[in-house]
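Report on one structure; see the data block that follows.
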Amino acid sequence: MPERTIKDVEIALIKAMLDRGLKNKDIQFYFNRPERPVNSGRISTIRTGTYSNSKKIKAASADELEYFFASFARGGARRDGAESPNEQEVRQLFRKGDDTHWHLFRGESEEHECKQDFDPRRLTPVVRAIAALANNKGGYVFFGVGNNRCKVEGVGPAFSQTDIADIVNKVKAHLAPTPSIVAKGVIDFDGRAVGFLRVEKHPDRPVVVYRDGESLAEGDILYRYPGQSARIKFADLRAMLDERDRRAQVALAEAARTLANVGTANALILDTDKNTMNTNGRSIILDERLIDQIKFIKEGQFEEKSGAPTLKLVGEIRTVGVIGSPQKVISREAIFEKDILDAFISQEIVEGPENFIFAGLAQSRMWLPIFYFARMSGRTNSQIADDVEGRKIAQKGKKSILLERLRGQRTAHAKAVTQAARAVSRDIATGNLHAPKVLSDVGTFAHGVTAVTAINVPLGEVLIALLAARELAEKADDKNAFGAVCKAICRVDEIFFAEMKVPLQPRSGAGE
Numbered sequence: 029m030p031e032r033t034i035k036d037v038e039i040a041l042i043k044a045m046l047d048r049g050l051k052n053k054d055i056q057f058y059f060n061r062p063e064r065p066v067n068s069g070r071i072s073t074i075r076t077g078t079y080s081n082s083k084k085i086k087a088a089s090a091d092e093l094e095y096f097f098a099s100f101a102r103g104g105a106r107r108d109g110a111e112s113p114n115e116q117e118v119r120q121l122f123r124k125g126d127d128t129h130w131h132l133f134r135g136e137s138e139e140h141e142c143k144q145d146f147d148p149r150r151l152t153p154v155v156r157a158i159a160a161l162a163n164n165k166g167g168y169v170f171f172g173v174g175n176n177r178c179k180v181e182g183v184g185p186a187f188s189q190t191d192i193a194d195i196v197n198k199v200k201a202h203l204a205p206t207p208s209i210v211a212k213g214v215i216d217f218d219g220r221a222v223g224f225l226r227v228e229k230h231p232d233r234p235v236v237v238y239r240d241g242e243s244l245a246e247g248d249i250l251y252r253y254p255g256q257s258a259r260i261k262f263a264d265l266r267a268m269l270d271e272r273d274r275r276a277q278v279a280l281a282e283a284a285r286t287l288a289n290v291g292t293a294n295a296l297i298l299d300t301d302k303n304t305m306n307t308n309g310r311s312i313i314l315d316e317r318l319i320d321q322i323k324f325i326k327e328g329q330f331e332e333k334s335g336a337p338t339l340k341l342v343g344e345i346r347t348v349g350v351i352g353s354p355q356k357v358i359s360r361e362a363i364f365e366k367d368i369l370d371a372f373i374s375q376e377i378v379e380g381p382e383n384f385i386f387a388g389l390a391q392s393r394m395w396l397p398i399f400y401f402a403r404m405s406g407r408t409n410s411q412i413a414d415d416v417e418g419r420k421i422a423q424k425g426k427k428s429i430l431l432e433r434l435r436g437q438r439t440a441h442a443k444a445v446t447q448a449a450r451a452v453s454r455d456i457a458t459g460n461l462h463a464p465k466v467l468s469d470v471g472t473f474a475h476g477v478t479a480v481t482a483i484n485v486p487l488g489e490v491l492i493a494l495l496a497a498r499e500l501a502e503k504a505d506d507k508n509a510f511g512a513v514c515k516a517i518c519r520v521d522e523i524f525f526a527e528m529k530v531p532l533q534p535r536s537g538a539g540e
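Okay, so the sequence shown: first residue is 29 according to my numbering, each after it adds one.
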């Protein structure tokens with residue numbers, strides 16, 4: 029067996045990169061360092077599970093991999109495989125005691141809460157801890173750290189296997205405003221893993237429980253005190269509300285001072301909530317000399333930050349002395365995974381269809397439809413690929429996969445491995461389509477669709493069947509079934525829309 033030199037967390041990241049389709053030489057870039065080269069052969073042994081105990085190590089989650097890529101791009105994670113700033117900070121909080129065990133040396137404090145283990149089926153205690161930290165200074169929730177002297181006991185694999193989105197969704201279901209979880213990770217202490225969530229202090233405290241749950245009561249305001257998370261005391265709540273009022277007064281005074289300097293006759297109010305500006309019939313004028321220095325985006329601007337909204341342009345711009353052709357000014361419209369799937373299944377004509385392709389780069393799921401939106405844009409796959417190639421995107425793995433799909437180098441097609449899936453595939457090819465009616469049929473149906481090379485059923489009927497499969501998977505919260513349905517949707521997208529035909533044209537006024 030090869031000598032063990034690569035950490036568990038690195039193996040998990042390498043496996044996730046392999047799942048994304050990254051090549052060995054690209055993966056080496058992230059982990060090579062002078063005293064410990066990671067060659068292509070070593071990565072191949074991790075792929076096959078023959079390197080040390082790599083076969084037993086689960087791939088990192090999509091969010092953990094995206095966090096690694098983002099940290100790497102910011103300089104937080106170095107190409108030598110060093111830990112991110114959050115991981116370094118967490119490691120410094122632990123010390124090895126005389127008993128040879130690792131301990132959180134300052135114990136539980138107003139910024140640190142410890143949980144002995146992590147159970148994805150019981151997340152309300154985690155929600156409680158997050159609420160308490162967000163209402164105080166922010167801080168860390170640690171998993172795998174026992175109550176006895178805060179000793180490192182080790183957290184099970186469920187923590188690393190749980191998507192951070194699942195935790196955030198649980199938080200949203202009970203708390204408002206929603207606290208921000210800025211990091212999720214795992215640190216190894218002599219073979220014992222400690223999981224952590226980093227929670228930021230909420231800028232608009234208090235965070236309030238608005239829905240009952242285990243150890244959560246509607247209306248509660250939780251606060252982190254040394255050694256415990258409890259209902260806030262009156263003095264602390266009063267101080268919190270006084271601070272909020274002070275910030276509001278300072279902001280209002282600053283706005284009033286600016287308005288006084290500009291003059292009410294010269295000021296315009298931009299409502300960022302409704303995305304409107306009251307101009308009282310006046311035009312917004314730009315000097316003609318500035319036009320060459322400003323980049324106007326015809327349809328929209330893609331923001332690389334994961335989950336951030338895509339910007340769409342609407343309205344009219346005129347230059348000083350010259351009335352130009354109408355361009356578009358910026359308003360916000362976020363495009364998420366659900367929007368992309370909904371638009372495809374309903375065959376919605378959207379404005380700015382390329383944005384639905386680019387927005388997929390900010391989602392956690394790799395397989396989302398793209399060719400339907402490419403055809404609607406009237407551009408070729410190659411033209412859109414060139415556009416993607418020129419973009420600076422932190423998610424390099426996703427960018428690479430999207431380029432391969434647009435260039436025909438990667439496909440959603442996969443051979444059916446079960447007799448039932450092959451039967452579904454044959455039926456679709458011969459014009460005999462049966463939508464799944466129960467959850468147990470969803471996987472077989474989706475794999476059958478993914479295996480087809482031709483579809484002799486009207487697109488509308490196929491979409492109805494896909495919608496039925498998607499709803500069954502979503503209702504059961506079955507991530508494997510839902511992932512299979514998404515890939516089946518992409519296979520249908522390839523068959524009907526991958527080739528350049530007559531462009532789909534947006535209806536007049538679409539998207540307004």
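Even glycine gets a Cβ: it sits at the ideal position worked out from N, Cα and C.
Please read all numbers here as calculations on a predicted model, not as lab measurements.
By the three-class DSSP mapping on this structure, what secondary structure does residue i have?
i: residue 137; result: strand
i: residue 89; result: coil
i: residue 471; result: helix
i: residue 485; result: coil
i: residue 425; result: helix
i: residue 393; result: coil
i: residue 379; result: coil
i: residue 513; result: helix
i: residue 344; result: Caution applies to residue 344, whose pLDDT of 48 falls short of 50 and renders its modelled position unreliable; the value that the coordinates give is listed next. Residue 344 falls in the coil class under three-state DSSP.
i: residue 527; result: coil
i: residue 154; result: helix
i: residue 221; result: strand
i: residue 143; result: strand
i: residue 37; result: helix
i: residue 123; result: strand
i: residue 420; result: coil
i: residue 216; result: strand
i: residue 195; result: helix
i: residue 183; result: coil
i: residue 189; result: helix
i: residue 461; result: coil
i: residue 410; result: helix
Can you give me the Cβ contacts of residue i inside the same chain, cut-off strictly under 6 angstroms, excluding the 5 residues immediately before and after it?
i: residue 521; result: 397, 399 and 400
i: residue 60; result: 66
i: residue 375; result: none
i: residue 217; result: 130 and 180
i: residue 491; result: 373
i: residue 190; result: 148
From what residue to what residue does the beta strand (DSSP E) around residue i run?
i: residue 257; result: 256-259
i: residue 251; result: 250-253
i: residue 149; result: Unbroken run through residue 149: none, as it is neither H nor E.
i: residue 131; result: 130-132
Kindly indicate which residue of the options has the alpha-carbon position closest to the one of residue i.
i: residue 91; options: 153, 40, 56 and 381; result: 40
i: residue 211; options: 54, 181, 195 and 128; result: 195
i: residue 527; options: 447, 141 and 433; result: 433
i: residue 187; options: 89, 162 and 487; result: 89
i: residue 15; options: 134, 214 and 404; result: Within the shown structure, residues of the chain are numbered from 29 to 540, placing residue 15 beyond reach of any answer.
i: residue 238; options: 38, 199 and 161; result: 199
i: residue 391; options: 380, 367, 410 and 411; result: 367
i: residue 152; options: 193, 244 and 132; result: 244
i: residue 457; options: 494, 278, 483 and 139; result: 483
i: residue 416; options: 202, 384 and 83; result: 384
i: residue 158; options: 148, 149 and 169; result: 169
i: residue 431; options: 411, 446, 445 and 93; result: 411
i: residue 138; options: 362, 260 and 420; result: 260
Apart from the five residues on each side of it in sequence, which residues of its chain come closer than 8 angstroms, Cβ to Cβ, to residue i?
i: residue 429; result: 48, 49, 394 and 438
i: residue 470; result: 464, 497, 500, 501, 506, 509, 512 and 513
Since residue i sits in a beta bridge, which residues does DSSP pair it with?
i: residue 95; result: The partner list for residue 95 (beta bridge, DSSP) is empty, contrary to what the question assumes.
i: residue 287; result: Looking at the DSSP assignment, residue 287 forms no beta bridge with any residue, so it has no partner.
i: residue 226; result: 168 and 211
i: residue 244; result: 241
i: residue 203; result: 237
i: residue 280; result: DSSP, once it has assigned bridges, lists no residue as partnering residue 280.
i: residue 173; result: 180
Following the continuous alpha helix (DSSP H) through residue i, name the residue where it begins and the one where it ends.
i: residue 372; result: 365-373
i: residue 70; result: 68-76
i: residue 456; result: 447-457
i: residue 52; result: 52-59
i: residue 400; result: 399-405
For residue i, which residues of its own chain have a beta-carbon under 7 angstroms away from its beta-carbon, when the five flanking residues on both sides are left out?
i: residue 255; result: 136
i: residue 174; result: 144 and 181
i: residue 448; result: 472
With a cut-off of 9 angstroms, does the C-beta of residue i fall near any C-beta of chain D?
i: residue 362; result: No chain D is part of this structure, which consists of one protein chain only.
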